[in-house]
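Take a look at the structure set out below.
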Amino acid sequence: MIWNDEFETLPREAIEALQLKRLKQTLDRVYATVPFYKNSFKKAGITPADIRSLADLHKLPFTYKQDMRDNYPYGLFAVPLDQIVRIHASSGTTGKPTVVGYTKRDIETWSELMARSFVAAGATSSDVIHNAYGYGLFTGGLGAHYGAERLGASVIPMSGGNTQKQMLIMKDFGSSVITCTPSYSLYLAEALEEAGIKKEELKLRVGILGAEPWSEAMRTEIEAKLGIKAIDIYGLSEILGPGVGIECIEAQNGLHIWEDHFIPEIIDPISGAVLPHGEKGELVITTITKEGIPMIRYRTRDITRILPEPCICGRTHVRLERLSGRTDDMLIIRGVNVFPSQIESVLCNIDGVEPHYQLIVEREGNLDSLEVQVEVNEHVFSDEIKVMQGLNNEIRKQIKDLLGITCKIRLVEPKTIARSEGKAQRVVDRRPK
Amino acid sequence: MTIEQISIFIENKSGRLAEVAQSLGDNGVNIHALSLADTSDFGILRLIVDKTDLANDTLKKHGFTVSKTTVVAVEVPDHPSGLAGILNILDSGKVNVEYMYAFVERCRGNAVIIFRFDDHDAAIDILLKNNVNVLQGERVYNM
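Going down the list, the protein sequences come from chains A and B.
Letter 55 of the first sequence, counting from 1, is numbered 55 in the working numbering, and no numbers are missing.
Letter 6 of the second sequence, counting from 1, is numbered 6 in the working numbering, and no numbers are missing.
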């Protein structure tokens, strides 16, 4: 099913014509109303008039998360505050939060794109959508909520936390679609098992999971445990919130990014050069319809590649390959790039091991050390030391084979790694900064 | 003729053993024999108790990873070469011992040793053929 037949299946030439028209309008507007853009364009020796085709996009300077912090709180807004109807902010884990504002039309657009995303994931107006993304400054809760209402589904505004109540409502209210982070969906599956609630007693059939990178192996595990189709959704508050891109249930292979509202590029994160379709690099997004806080060539720090091939679902918008991680989640250990999702896929591939893990990075002398903590459950527990050490060696060997680094594996008791009701904390980096 | 043993995965952290012992004690479970195998990071605690199922459920409720394994309780003469004699019998039957530990209580003046073999059936067979007493579960749980 497709929510917006006209726009989601536009021929390529029509998408590009629309993108160019909207890009030009956006550039004119930000140049006139946001001093930050006027200055950065000037520094780059460029004016909006120099952008005559989509191929000229690369001439524009990048926008970084730091630019949002430097212009905290409202410096990047392109409209006066009286036109802003909603303000969200990202968690400021490393300083001040980054603030985004939405006009009435931005909220309309967001609802439309989330509705498209729900339908792509297989949801319909008859679904009971159990929205377990956090409501509040975080964009997840309200973003999904407005999209679900636009779709006409029955939305339960659960928000995060209080797992006992989540389970009760899920069972009694007949939730058929859940929206939450992938790690929380696994946590829920575990809690349901403990409570003796079988997946057959639930009506759950689709999970729309995002806000953190996850692996294909984790998908297999979630789908088996909850008996659902697990769909990957992509979004970030700087660009919109959830609903920037989504997998379609038909292919479950790559996330369609809504190209009538965003222009994606893949760049080399070090040189900044644009890479051709199909090559892996950092995703850069330009918003072309946003009014409140337009973003020009925003460095998402997410690593992916563009899959331009037509999709079986009929949508013409390009797909992003499943995101393998953020450049800022990436650990550099003894010079090797390591994404937590790579460790996760190793763990998921070992029979019986569950993806409850944490990476502890330390520096001993001048050497980085990586410790992977893995929980021991009943499936992998043996009362013979040699079997347990065999498991330990197997994990270490597979990580070494994949990444080329030697790490220490620590087997820990179940439930000792903190369960997250939002984004999982996979990495504890104790190296001196 | 095997008996049930409880095995518990324990991280090398202070207080964990005490927690196992306390939660069993609080639920009226008595420990008859135990062995702790340890590595630098974790240990495996093996117990023979009077109420195996209750112990299993109690520890699971306390969040431990627990498994039930079968072992063999063998009466061993309490004099020099008593154990050697038993081990020689096992060796003649090509049975390997994975691990073993001793019982606190005696049985008819003999020591009792808990064995985990690679092949319990073969082990019991050869022991019985050589007139070694292999203890039944009920007997062991109620010692």
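Backbone N, C-alpha and C define an ideal beta-carbon position, used for all residues, glycine too.
Checklist line | Listed by chain order, chain A residues near T65/B by CB distance under 8 angstroms | finding: The residue you call residue 65/B lines up with position 65 of the second sequence. Within chain A, the residues near T65/B are V376, N377, E378, F381, E413 and P414.
Checklist line | 9 angstroms Cβ cut-off: residues of chain A touching I44/B | finding: In the second sequence, counting from the first residue as 1, residue 44/B sits at position 44. Those within 9 angstroms of I44/B in chain A are F381, S382, D383, E384, I385 and M388.
Check: Considering only residues of the same chain and omitting the five flanking positions on each side of I146/B, which have a CB-CB separation below 7 angstroms?
Finding: The structure shown has nothing for residue 146/B, since chain B only spans 1 to 143.
Notebook entry, point to check: So, using beta-carbon positions, are V412/A and V380/A closer together than 8 angstroms?
Noted result: Reading the first sequence from its first residue, position 412 is the one you call residue 412/A. Reading the first sequence from its first residue, position 380 is the one you call residue 380/A. No, the pair does not count as a contact, with Cβ atoms beyond the cut-off.
Next item on the list: Tell me whether the beta-carbon of G245/A lies closer than 8 angstroms to the beta-carbon of L255/A.
Entry: Here residue 245/A corresponds to residue number 245 of the first sequence, with the count starting at 1. Here residue 255/A corresponds to residue number 255 of the first sequence, with the count starting at 1. A contact, by the Cβ cut-off of 8 angstroms.
Margin query: Could you compute how far the alpha carbon of F62/A sits from the alpha carbon of I296/A?
Written below: As a working mapping, residue 62/A is identified with position 62 in the first sequence. As a working mapping, residue 296/A is identified with position 296 in the first sequence. Between F62/A and I296/A, the C-alpha separation is close to 7 angstroms.
Next item on the list: Take D127/A and list the residues in its own chain whose beta-carbon comes closer than 6 angstroms to its own, dropping the five residues that flank it on each side.
Entry: Taking the first sequence and counting its residues from 1, one reaches residue 127/A at position 127. Around D127/A: A153, S176 and V177.
Margin query: Give me the chain A residues within the contact set of A37/B, using Cβ-Cβ distance strictly less than 7 angstroms, ordered along the chain.
Written below: As a working mapping, residue 37/B is identified with position 37 in the second sequence. Going along chain A in sequence order, the residues near A37/B (Cβ under 7 angstroms) are I385.
Notebook entry, point to check: From the DSSP output, which residues share a beta bridge with S35/B?
Noted result: In the second sequence, counting from the first residue as 1, residue 35/B sits at position 35. In DSSP, S35/B forms a bridge with R46/B.
Next item on the list: Could you pull out every residue in the same chain whose Cβ sits closer than 7 angstroms to the Cβ of R105/A, ignoring the five residues on either side in sequence?
Entry: Along the first sequence, read from residue 1 onward, the residue named residue 105/A stands at position 105. Contacts found: E291.
Notebook entry, point to check: Quick one: is K229/A buried, meaning 16 or more other Cβ sit within 10 Å of its Cβ, or exposed?
Noted result: As a working note, residue 229/A is residue 229 in the first sequence. The residue in question, K229/A, is buried, as its Cβ has 16 or more Cβ neighbours within 10 Å.
Next item on the list: Spatial neighbours of I405/A within its chain, please: CB distance less than 8 angstroms, with the 5 preceding and 5 following residues excluded, ordered by chain position.
Entry: On the first sequence, residue 405/A is found 405 positions in, with the first residue counted as 1. For I405/A, where only same-chain residues beyond five positions count, the Cβ hits under 8 angstroms are I333, R334, V336, V338, L370 and I399.
Note to self: Quick check on E413/A: does DSSP put it in helix, strand or coil?
What the structure shows: Taking the first sequence and counting its residues from 1, one reaches residue 413/A at position 413. Coil.
Note to self: Taking the alpha-carbon of L192/A as reference, which of K171/A, A211/A, C180/A and G207/A has the nearest alpha-carbon?
What the structure shows: On the first sequence, residue 192/A is found 192 positions in, with the first residue counted as 1. Of K171/A, A211/A, C180/A and G207/A, the residue nearest in Cα terms is K171/A.
Item checked: Sequence-distant residues of its chain with Cβ nearer than 6 angstroms to V428/A (five each side left out) -> As a first step, residue 428/A is located in the first sequence; it is residue number 428 there, counting from the start. Taken in chain order, the residues that qualify are I360.
Check: Is the shortest distance between the beta-carbon of D41/B and the beta-carbons of chain A less than 8 angstroms?
Finding: By one-based count along the second sequence, residue 41/B stands at place 41. By this cut-off, D41/B is an interface position.
Notebook entry, point to check: Taking 8 angstroms as the CB-CB limit, is T52/B close to chain A?
Noted result: Walking along the second sequence from the start, residue 52/B turns up at place 52. Not an interface residue.
Next item on the list: With 8 angstroms as the C-beta to C-beta threshold (strictly closer), list the residues of the stretch 57-81 of chain B near chain A in chain order.
Entry: G63, F64, T65, V66, S67 and T69
Next item on the list: Out of P355/A, N39/A and C407/A, state which residue places its alpha-carbon closest to the alpha-carbon of D368/A.
Entry: The residue you call residue 368/A lines up with position 368 of the first sequence. Taking only the C-alpha atoms, the option nearest D368/A is C407/A.
Notebook entry, point to check: How many angstroms separate the CA atom of A148/A from the CA atom of A115/A?
Noted result: Taking the first sequence and counting its residues from 1, one reaches residue 148/A at position 148. Taking the first sequence and counting its residues from 1, one reaches residue 115/A at position 115. Each residue's alpha carbon lies about 6 angstroms from the other.
Margin query: Buried or exposed for Q66/A, going by 16 or more other Cβ atoms inside 10 Å?
Written below: Here residue 66/A is taken as the residue at index 66 of the first sequence, counted from 1. Looking at its Cβ environment, which holds fewer than 16 other Cβ atoms inside 10 Å, Q66/A is exposed.
Margin query: According to DSSP, is S7/B part of a helix, a strand, or is it coil?
Written below: The residue given as residue 7/B occupies position 7 in the second sequence. Here S7/B sits in strand by DSSP.
Margin query: Can you tell me whether E13/A is buried or exposed? The criterion is at least 16 other CB atoms within 10 Å of its CB, across all chains shown.
Written below: Residue mapping note: residue 13/A aligns to position 13 of the first sequence, counting from 1. The residue is exposed, with fewer than 16 neighbouring Cβ atoms inside 10 Å.
Checklist line | Reduced DSSP category for L240/A - H, G, I as helix; E, B as strand; rest coil | finding: As a first step, residue 240/A must be located in the first sequence, where it is residue number 240. The answer is coil: DSSP assigns L240/A none of H, G, I, E or B.
Next item on the list: Indicate whether at least one CB of chain A lies closer than 8 angstroms to the CB of S92/B.
Entry: Numbered from 1 along the second sequence, position 92 holds the residue referred to as residue 92/B. No, its Cβ sits nowhere closer than 8 angstroms to a Cβ of chain A.
Next item on the list: Starting from R410/A, find everything on chain B with Cβ-Cβ shorter than 7 angstroms and list it in chain order.
Entry: For the purposes of this step, residue 410/A is identified with residue 410 of the first sequence, where counting begins at 1. By Cβ distance, chain B contributes D41.
Margin query: Cβ closer than 8 angstroms: which chain A residues qualify as neighbours of E203/B?
Written below: Outside the modelled stretch of chain B, which goes from 1 to 143, sits residue 203/B, for which no answer is possible.
Next item on the list: Starting from the C-beta of R363/A, find all residues in its chain whose C-beta is less than 6 angstroms away, skip the five residues before and the five after it, and write them out in chain order.
Entry: Your numbering for residue 363/A matches position 363 in the first sequence. Same-chain partners within the cutoff: R431.
Item checked: Separation of E394/A from T98/A, as counted between CA atoms -> In the first sequence, counting from the first residue as 1, residue 98/A sits at position 98. In the first sequence, counting from the first residue as 1, residue 394/A sits at position 394. Using only the alpha carbons, I get a separation of about 42 angstroms.
Check: S7/B versus chain A: which residues are under 7 angstroms apart at the beta carbon?
Finding: Counting from one through the second sequence, the residue named residue 7/B turns up at place 7. Those within 7 angstroms of S7/B in chain A are D383.
Notebook entry, point to check: With a cut-off of 8 angstroms, do at least 3 Cβ pairs link the stretch 67-82 of chain B to the stretch 117-125 of chain B?
Noted result: yes
Checklist line | Interface flag, E4/B vs chain A, CB-CB below 8 angstroms | finding: Position 4 of the second sequence, counted from the first residue, corresponds to residue 4/B. By this cut-off, E4/B is not an interface position.
Next item on the list: On the DSSP bridge assignment, give the partners of H130/A in chain order.
Entry: Residue numbering aside, residue 130/A sits at position 130 when the first sequence is read from its first letter. Paired residue(s): I156/A and I178/A.
Item checked: Neighbourhood of E11/B by C-beta distance below 6 angstroms, restricted to the same chain and skipping five residues each side -> For the purposes of this step, residue 11/B is identified with residue 11 of the second sequence, where counting begins at 1. Excluding positions up to five away in sequence, the list reads F42.
Check: Are S183/A and A424/A close, meaning C-beta to C-beta below 8 angstroms?
Finding: Indexing the first sequence from 1 puts residue 183/A at position 183. Indexing the first sequence from 1 puts residue 424/A at position 424. A contact, by the Cβ cut-off of 8 angstroms.
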